[in-house]
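Undergrad:
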Amino acid sequence: MFCSDPACTYRITGIFCVERTPTPDFSYNHGRKHTAISYRIRGSAAFDLGKRQLTAGDGSVTYIPPGVDYGVKNDAHEKLIILHLQRIGGDAPDFEVVENAFELEPLFFALHKSWEEGGPASYNRSMAQLYAIFEALQRKREPPITASARVLAPGLELLRRNFRDHTLTVSKLAGACFVSEVYFRRLYREAFGCTPMQTILELRFSYACTLLRAGYYTCRQAAEMAGFADVKYFRTAFRRRFGITPTQYAAGQTLKSPPRPLSRRRTNRSAGA
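Here you go:
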């Protein structure tokens, strides 16, 4: 999704509430320099992208990247809130339509109102509301919660909050879910394709990397703060995992393979577990 790339940021350059009369024929736009996101309050539109066609109805969100040639037509009167943005960094996403996003309408109205009010805090308030919209869109695209995911949920929450605690064990995670450790391990592997301990280590490594690159902590401090009780083991495991020592990484060398944080990439496969 266009708003899911952590390597990019956006800058708002304009927000407009627009009403359009029907246009039975396509009107074409060529190479616009700005990114556009629109929420369609009412009406529908058809988009001609050359090799493919898209439609957008009531309650839809449309993302139009810069530099894209496209045609658009609408068969009825329509009303939209349109955002003009500058996208900075990250990979260039494709033209996208998210249908049935009616729950986002209050957020778009609040964003437009905040932008129109102006004042010294208006821009920062508008940016916060923009990212609230992005968060809502990402939640909308999350896979449905399966029976196994509901069982694992308390353990996952404990893992996220306490992975830096060196006393955290898989037994404690299973206990939070009121299931046996064997059953917890099986559900976890089916959901995520790895063991719970592998995830704990990845989260600890990721946090340790952040501390090492910050420049404020020694290797020992970073290891202990990330949940590694044995600093010698941390140094050995770090080199085995990333191909360089913690000291080399702190000095600016690049990891051969970055940490893999907790993911829901296989959660749907656990539905029948």
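First residue of the sequence shown: 217, per my numbering; consecutive thereafter. Yeah, the Cβ is synthetic: ideal placement off N, Cα and C, and Gly gets one too.
#1: Classify Gln469: buried if its beta carbon has 16 or more other beta carbons within 10 angstroms, exposed otherwise.
#2: So Phe458 and Ile416 are in contact, right, with Cβ under 8 Å, and what is the actual spacing, rounded?
#3: Since Leu270 is in the beta strand (DSSP E), which residue starts that stretch and which ends it?
#4: Drop a sphere of 10 angstroms on the beta-carbon of Ala261, count the other beta-carbons inside from all chains shown, and report buried for 16 or more, exposed for fewer.
#5: Which residue wins for smallest C-alpha separation from Tyr244, given the options Gly283, Val447, Ala442 and Ala453?
#6: For Asp221, which option in Gln345, Glu351, Leu372 and Gly391 has the closest C-alpha, if you only look at C-alpha atoms?
#7: Compute the beta-carbon to beta-carbon distance between Phe400 and Gly371, rounded to the nearest angstrom, for a pair I have assumed lies under 8 Å.
#8: Confirm, please, whether the CB-CB distance from Gly305 to Arg251 is below 8 Å.
#9: Between the alpha carbons of Glu235 and Gly259, how many angstroms are there, rounded?
#10: Enumerate in chain order the residues of its own chain whose CB-to-CB distance from Val313 is below 8 Å, with the five nearest sequence positions on each side excluded.
#11: Only counting runs of 3 or more residues, tell me where the beta strand (DSSP E) segments fall wholly within the segment 234-310, in order along the chain.
#12: Classify Arg480 as helix, strand or coil using the three-state DSSP reduction.
#13: My assumption, with CB atoms under 8 Å, is that Leu346 sits in contact with Leu327. Please give the rounded CB distance.
#14: Just to confirm my understanding: we take Phe274, look at its own chain, exclude 5 residues before and 5 after, and list those with CB closer than 8 Å. What are they?
#15: At what residues does the alpha helix (DSSP H) containing Gly447 begin and finish?
#16: For Arg227, I'd like the list of residues in its chain whose CB is within less than 6 Å of its CB, leaving aside the five on either flank, ordered along the chain.
#17: From Gln414, Phe450 and Gly287, pick the residue whose C-alpha is nearest to that of Leu375; which is it?
#18: What residues are listed by DSSP as bridge partners for Tyr226?
#19: If you follow the alpha helix (DSSP H) that Val367 is in, where does it begin and where does it stop?
#20: Please determine, among Gln354, Cys425, Val398 and Ala369, the residue with the shortest C-alpha to C-alpha distance to Tyr465.
#21: Looking only at its own chain, which residues have a Cβ that is under 6 Å from the Cβ of Met217, when we skip the five neighbours before and after it?
#22: Between Phe324 and the rest of its own chain, which residues show a CB-CB distance below 6 Å, the 5 nearest in sequence each way excluded?
#23: If you reduce the DSSP assignment to three classes, tell me which class Glu312 lands in.
#24: Which full runs of the alpha helix (DSSP H) of 4+ residues lie inside the segment 375-453, going along the chain?
#25: Please list the terminal residues of the continuous alpha helix (DSSP H) segment that includes Ser338.
#26: Do you know how far the Cα of Ile349 is from the Cα of Pro462?
#27: Considering Cα atoms alone, identify which of Glu332, Pro336, Lys289 and Leu353 is closest to Asn316.
#28: Drop a sphere of 10 angstroms on the beta-carbon of Tyr404, count the other beta-carbons inside from all chains shown, and report buried for 16 or more, exposed for fewer.
#29: Let me make sure I understand the geometry here. Which of Val447, Asp285 and Thr411 has the alpha-carbon closest to that of Val386?
TA: Based on what the coordinates show:
#1: Translated into the one-based positions of the sequence shown, residue 469 becomes position 253. By the neighbour-count rule (16 or more Cβ atoms within 10 Å), Gln469 is not buried but exposed.
#2: Position 242 of the sequence shown, counted from the first residue, corresponds to residue 458. Position 200 of the sequence shown, counted from the first residue, corresponds to residue 416. In fact, because the Cβ distance is near 17 Å, the residues do not count as touching under 8 Å.
#3: Against the sequence shown, residue 270 aligns to sequence position 54. In this chain, the beta strand (DSSP E) harbouring Leu270 covers Gln269 to Ala272.
#4: Numbered from its first residue, the sequence shown carries residue 261 at position 45. Classification for Ala261: buried.
#5: Against the sequence shown, residue 244 aligns to sequence position 28. Out of Gly283, Val447, Ala442 and Ala453, Gly283 has the C-alpha closest to the C-alpha of Tyr244.
#6: As a working mapping, residue 221 is identified with position 5 in the sequence shown. Of the candidates Gln345, Glu351, Leu372 and Gly391, the one whose C-alpha sits nearest the C-alpha of Asp221 is Glu351.
#7: The count along the sequence shown starts at 1 and reaches residue 400 at position 184. The count along the sequence shown starts at 1 and reaches residue 371 at position 155. Contact holds; Cβ gap of about 6 Å.
#8: If you number the sequence shown from 1, residue 251 lands on position 35. If you number the sequence shown from 1, residue 305 lands on position 89. The sequence as given places Thr at residue 251; Arg does not occur at that position. No, they are not a contact pair.
#9: For the purposes of this step, residue 235 is taken as the residue at position 19 of the sequence shown. For the purposes of this step, residue 259 is taken as the residue at position 43 of the sequence shown. Spanning the two alpha carbons is a distance of roughly 10 Å.
#10: Counted from its first residue, the sequence shown places residue 313 at position 97. So the list reads Phe263, Leu270, Thr271, Ala272, Ser276, Val277, Thr278 and Tyr279, once near-sequence residues are dropped.
#11: 239-245, 251-258, 261-264, 269-272, 277-280, 286-290 and 294-304
#12: Here residue 480 refers to the residue found at position 264 when the sequence shown is read from its first residue. Only weak support is given to the placement of Arg480: the predicted model assigns it a pLDDT of 44, under 50, and the question is left unresolved by the model.
#13: Within the sequence shown, the letter at position 130 stands for residue 346. Within the sequence shown, the letter at position 111 stands for residue 327. 6 Å between Cβ atoms; contact.
#14: On the sequence shown, residue 274 is found 58 positions in, with the first residue counted as 1. First, the residue type needs correcting, since residue 274 is Asp and not Phe in the sequence shown. The answer, listed in chain order, is Arg256, Ile257, Arg258, Gly259, Ser260 and Phe318.
#15: Counting from one through the sequence shown, the residue named residue 447 turns up at place 231. Here residue 447 turns out to be Val, not Gly, going by the sequence shown. Where Val447 is concerned, the enclosing alpha helix (DSSP H) stretches over Val447 to Phe458.
#16: Along the sequence shown, read from residue 1 onward, the residue named residue 227 stands at position 11. A distance below 6 Å between beta-carbons, with the five flanking residues on each side excluded, links Arg227 to the following residues of its chain, in chain order: Gln302.
#17: Residue mapping note: residue 375 aligns to position 159 of the sequence shown, counting from 1. Leu375 has its Cα closest to that of Gln414, out of Gln414, Phe450 and Gly287.
#18: Against the sequence shown, residue 226 aligns to sequence position 10. According to DSSP, Tyr226 bridges with Arg303.
#19: Counted from its first residue, the sequence shown places residue 367 at position 151. Ala363 to Asn378 is the span of the alpha helix (DSSP H), which, as asked, contains Val367.
#20: Numbered from its first residue, the sequence shown carries residue 465 at position 249. Of Gln354, Cys425, Val398 and Ala369, the residue nearest in Cα terms is Cys425.
#21: Mapped onto the sequence shown, residue 217 falls at position 1. The answer, listed in chain order, is Arg357.
#22: For the purposes of this step, residue 324 is identified with residue 108 of the sequence shown, where counting begins at 1. The answer, listed in chain order, is Tyr255 and Ile297.
#23: Taking the sequence shown and counting its residues from 1, one reaches residue 312 at position 96. Strand.
#24: 386-392, 397-408, 412-430 and 435-442
#25: Numbered from 1 along the sequence shown, position 122 holds the residue referred to as residue 338. For Ser338, the uninterrupted alpha helix (DSSP H) segment begins and ends at Ser338 to Arg357.
#26: For this step, residue 462 is matched to residue 246 along the sequence shown. For this step, residue 349 is matched to residue 133 along the sequence shown. Taking C-alpha positions only, Pro462 is separated from Ile349 by approximately 38 Å.
#27: As a first step, residue 316 must be located in the sequence shown, where it is residue number 100. It is Leu353 whose Cα lies nearest to the Cα of Asn316.
#28: Along the sequence shown, read from residue 1 onward, the residue named residue 404 stands at position 188. When all chains shown are included, Tyr404 counts as buried.
#29: As a first step, residue 386 must be located in the sequence shown, where it is residue number 170. Minimum Cα distance to Val386 is reached at Thr411.
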